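Residue numbers (my numbering), protein chains in the order written: chain A, 23 to 290; chain B, 23 to 290. Quick notes on the structure that follows.
Here it is as structure tokens:
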């Protein structure tokens, strides 16, 4: 039996999702709830897992596999000569109750259009940054990158800094991480091994950061600052984020796409 | 002394702003605070007036006059062969403390590029709609329209319904109103008279709606529903709104442009 990259990627992302959800539940008192969705007027769908807890104020993990035809404009944006597409991946955003715990985003995806490619990354958004957290987060990602190509980490770190940037505020979104797209410069199996290591690095480092910050004392003013800064997360995701735009354009499930938005936000 | 349309429009919008702010202050216990801003790296600027009160949870009124050069892409979007632009106008968004009071947006603007035109409109977003409010709001706008052209109201109402629509949710933003852009089908003085009447109609009808709803009792669940529905306002303004995009692209003041965002929002 031949296992395609689509199948391997689906199997990996589902397994990663299950292990991430278990790790997060172990840090909280709530449980994830899963909702399956089907793509309106097209092929595929996904499963959204959401937990609203005392530590994880709102965390969403979405696994989806979708296919069909893009409009010509969207296909051109993806540099594809053909409009037929297949996409599978996992996407995660966590907004935390305690302002001392950084918010986080992680995504890995595999696409097929006129060619195949991998994309993804993970980036950390602390409101009160601890140098130790930033160092550990970047250290884990550097480890995952270096095992595959010593050029990856500096390149993908810079790509992340450039991508998660709010031009209208001239501000980075957080303390970065790694970001990559259109990666197809080596055999698919080799890149699949790389994105797996990115997922594993995330699973190793982020729960550890949550564990050491979740019970730190904080003031109402610090909580208020967190709610205000979350506005930047909303601005980025709705104005600039490619994944959000892609999801909305391909008529993905709105709740699954916008699960990245924080539970409570203020604009002052 | 020759008075240009730029000068007339500026004088009108400043006067309208002052009268709107007085009318809103008369309904609340707070006062507007004004902040002047200059356009970074370009000509012009504006004055943002913001009140955070007990009735008006957050209301922003921005008067601006800006000029310079657009990039070619933005100029093409505005159907202009030249990139030089001048724009002046007033923009207002009110988010109300009591969920029984509708949120509102109003804007009138005058632009000069390879030609001149007027744009603007006003639309109402109730969370718990009262038929009387919807009828009065639309009635005031129909009156303003009909005095100039009986074809305006049906056309501009439909334009509003089409513009203030969230495709990703397949939902209108609220109960509509009127919307218009690129209006230059009659002499500038005649269209100026029309946009003045739109502004006056707004000033007549919206404070009246606020006055009759602001003290209505409501439950915490109704307040929570309002905060959730405000998410749609954020989604529309950041994903679709032309004025927001224009402002960010022309390096307007970020706080003035994003003053339209609600003070507190939830995504559940």
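The C-beta atom is built at its ideal place from N, Cα and C for all residues, glycine as well. Given the structure is predicted, the values throughout are model-derived calculations rather than measurements.
Listed in chain order, the positions of the region 260 to 278 of chain A with a beta carbon within less than 7 Å of a beta carbon of chain B are 260, 261, 270, 276. Proximity to residue 117 of chain B across B/250, B/268, B/273 peaks at B/250, based on C-alpha coordinates.
Look at residue 288 of chain B: its C-beta is under 7 Å from a C-beta on chain A. Taking C-alpha positions only, residue 273 of chain B is separated from residue 282 of chain A by approximately 27 Å.
Contact between residue 71 of chain B and residue 39 of chain B holds, since their C-beta atoms are separated by about 7 Å, short of 8 Å. Taking CB atoms only, residue 117 of chain A has no neighbour in chain B less than 7 Å away. Relative to the Cα of residue 133 of chain B, the nearest Cα in the group B/194, B/270, B/54, B/97 belongs to B/97. Excluding the 5 residues flanking it on each side, residue 179 of chain A has same chain C-beta neighbours closer than 7 Å at 198, 200, in chain order. The three-state reading of DSSP puts residue 221 of chain B in helix, counting H, G and I together.
Here DSSP, grouped into helix, strand and coil, assigns residue 64 of chain A to coil. The bridge partners DSSP lists for residue 288 of chain A are B/286. By alpha-carbon distance to residue 217 of chain A, the top candidate from A/174, A/104, A/155 is A/174. For residue 165 of chain B, the uninterrupted alpha helix (DSSP H) run begins and ends at 153 to 168, by DSSP. For residue 188 of chain B, the closest Cβ of chain A is not nearer than 7 Å. Straight-line measurement puts the Cα of residue 92 of chain A at about 12 Å from the Cα of residue 65 of chain A.
Within the same chain, Cβ atoms closer than 6 Å to the Cβ of residue 114 of chain B are found at 83, 128, the five residues on either side in sequence being excluded.
Separation of residue 88 of chain A and residue 112 of chain A (C-alpha to C-alpha, rounded to the nearest whole angstrom) is 12 Å. Counting along the chain, residue 44 of chain A sits inside the alpha helix (DSSP H) bounded by residues 27 to 47. Short of 6 Å from the beta carbon of residue 275 of chain A, and not among the five residues preceding or following it, lie these beta carbons of its own chain, in chain order: 59. Closest in C-alpha terms to residue 253 of chain A, from the list B/157, B/126, B/258, B/284, comes B/284.
Beta-carbon to beta-carbon, residue 68 of chain A and residue 278 of chain A are separated by about 6 Å, close enough to satisfy the 8 Å threshold. For a Cβ distance threshold of 7 Å, residue set 289 of chain B lies close to residue 280 of chain A, ordered along the chain. In the three-state scheme derived from DSSP, where H, G and I count as helix and E and B as strand, residue 103 of chain A is classed as coil. Put simply, the CB of residue 191 of chain A is near chain B, with a gap under 7 Å to one of its CB atoms.
Contact annotation for residue 257 of chain A against chain B: 260 [CB-CB distance below 7 Å, chain order]. When the beta-carbon positions are compared, residue 260 of chain A and residue 260 of chain B come within less than 7 Å of each other. At the C-beta level, residue 163 of chain B and residue 42 of chain B stay beyond 7 Å of one another. Between residue 121 of chain A and residue 36 of chain A, the C-beta spacing is not below 7 Å. Around the C-beta of residue 144 of chain A, 16 or more other C-beta atoms lie within 10 Å, and the residue is accordingly described as buried. Across the structure, residue 104 of chain B and residue 246 of chain B are spaced so that their CA atoms are roughly 47 Å apart.
In this chain, the beta strand (DSSP E) harbouring residue 125 of chain B covers 125 to 134.
Among the residues of the region 237 to 249 of chain A, those with a Cβ less than 9 Å away from any Cβ of chain B are 249, in the order of the chain.
Note: residue 111 of chain B is bridge-paired with B/86, B/131 in the DSSP secondary-structure output. Under the DSSP assignment, residue 207 of chain B falls outside any alpha helix (DSSP H); it carries neither an H nor an E label. Contact annotation for residue 285 of chain B against chain A: 288, 289, 290 [CB-CB distance below 9 Å, chain order]. Collapsing the DSSP output to three states places residue 95 of chain A in a helix.
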